[in-house]
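Engineer:
The following block contains the structure:
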């Protein structure tokens, strides 16, 4: 991933936070030289103890039929938002401004293994649902469904385990702008529906730069 130095994020805790808060990933695996890659969009759990991403796909998914260890890339998208040139202080001074986009993204590289063990698959389904049901008024659990129903569904999926070799993160949050432009963007984000996610990250990164 091309990443200008101003936007390169190396803070492990912040990178892990993106994986935890935005687990719906784009999983990309190579195919033949002249063929499109395999792509799936699935939630993945990050297990820091084992340094793995874990999830599952349908058996009929082409990824679920792969064998051995396969190079893979998982892309996690955090908040993102359009940046209007009208927010920049520089617009009023020289007019030399153009639109851009602020975003948070993490690329996770590693080797993907298909898991057929039914207990592993059931554990993964339970962990995924527990993670996302947490905080619900009435949390649902896998054990709420009939055993035979869960068994039937489990037979239609396979587990996937991505052993992480490296992570790269790009947090493009107007860090390269002078104070007037930065806070113009920040205020613009705060006043735009859906902009608070990026605004919060802008504040956090700016506070870190000032330390």
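In the numbering used here, the protein residues as written are 15 to 225. For each residue, glycine too, the CB sits at the ideal point set by N, CA and C.
Check whether the stretch 164 to 178 and the stretch 91 to 100 are in contact - that is, three or more C-beta pairs closer than 8 Å.
Structural biologist: Touching, no, given that fewer than three Cβ pairs across the two stretches are closer than 8 Å.
Engineer: Suppose you measure from the CA of residue 22 to the CA of residue 203; what does that come to, to the nearest Å?
Structural biologist: Looking up residue 22 in the chain shown gives position 8. Looking up residue 203 in the chain shown gives position 189. Their Cα atoms are separated by approximately 21 Å.
Engineer: Please report the straight-line C-alpha distance between residue 112 and residue 89, rounded to a whole angstrom.
Structural biologist: Residue numbering aside, residue 112 sits at position 98 when the chain shown is read from its first letter. Residue numbering aside, residue 89 sits at position 75 when the chain shown is read from its first letter. Going by the C-alpha atoms only, they are around 27 Å apart.
Engineer: Classify residue 66 as helix, strand or coil using the three-state DSSP reduction.
Structural biologist: Position 52 of the chain shown, counted from the start, is the residue given in the question as residue 66. Strand, per DSSP.
Engineer: With residue 156 as the anchor, note down where its alpha helix (DSSP H) starts and where it stops.
Structural biologist: Looking up residue 156 in the chain shown gives position 142. Per DSSP, residue 156 belongs to no alpha helix (DSSP H) and is neither H nor E.
Engineer: Sort 42, 220, 206 by Cα distance to residue 58 and report the nearest one.
Structural biologist: Reading the chain shown from its first residue, position 44 is the one you call residue 58. It is 42 whose Cα lies nearest to the Cα of residue 58.
Engineer: Evaluate residue 191 with the Cβ neighbour count: other Cβ atoms within 10 Å of its Cβ, from every protein chain shown; 16 or more gives buried, anything less gives exposed.
Structural biologist: Position 177 of the chain shown, counted from the first residue, corresponds to residue 191. Its Cβ being crowded by 16 or more others within 10 Å, residue 191 is buried.
Engineer: Would you kindly work out how many angstroms separate the C-alpha atoms of residue 175 and residue 82, rounded to a whole number?
Structural biologist: Taking the chain shown and counting its residues from 1, the one referred to as residue 175 is at position 161. Taking the chain shown and counting its residues from 1, the one referred to as residue 82 is at position 68. Computed Cα separation, rounded: 11 Å.
Engineer: Using the rule of at least 16 other Cβ atoms within 10 Å of the residue's Cβ for burial, across every protein chain shown, is residue 221 buried or exposed?
Structural biologist: Taking the chain shown and counting its residues from 1, the one referred to as residue 221 is at position 207. By the 10 Å Cβ count, residue 221 comes out exposed.
Engineer: Within its chain, find whatever has a CB closer than 7 Å to the CB of residue 76; leave out the 5 residues flanking it on each side and keep chain order.
Structural biologist: Translated into positions along the chain shown, residue 76 becomes position 62. Cβ within range, chain order: 52.
Engineer: Starting from residue 124, trace the beta strand (DSSP E) in both directions and tell me its first and last residue.
Structural biologist: Here residue 124 refers to the residue found at position 110 when the chain shown is read from its first residue. First-last of the beta strand (DSSP E) with residue 124: 114 to 129.
Engineer: By alpha-carbon positions, which one of 217, 218, 219, 209 ends up nearest to residue 115?
Structural biologist: Locating residue 115 in the chain shown gives position 101, counting from the first residue. The residue with the shortest Cα to Cα distance from residue 115 is 209.
Engineer: Which residue wins for smallest C-alpha separation from residue 62, given the options 73, 27, 70?
Structural biologist: Position 48 of the chain shown holds residue 62. Checking every option, the nearest Cα to that of residue 62 belongs to 27.
Engineer: Determine the extent of the beta strand (DSSP E) in which residue 170 is found, giving its start and end residues.
Structural biologist: Position 156 of the chain shown holds residue 170. Segment: none, residue 170 is in no beta strand (DSSP E) and carries neither H nor E.
Engineer: For residue 150 and residue 188, which I take to be in contact (beta-carbon distance under 8 Å), what is that distance rounded to the nearest angstrom?
Structural biologist: Your numbering for residue 150 matches position 136 in the chain shown. Your numbering for residue 188 matches position 174 in the chain shown. About 35 Å; that fails the 8 Å criterion.
Engineer: Three-state secondary structure (DSSP) at residue 17?
Structural biologist: For the purposes of this step, residue 17 is taken as the residue at position 3 of the chain shown. Residue 17 falls in the coil class under three-state DSSP.
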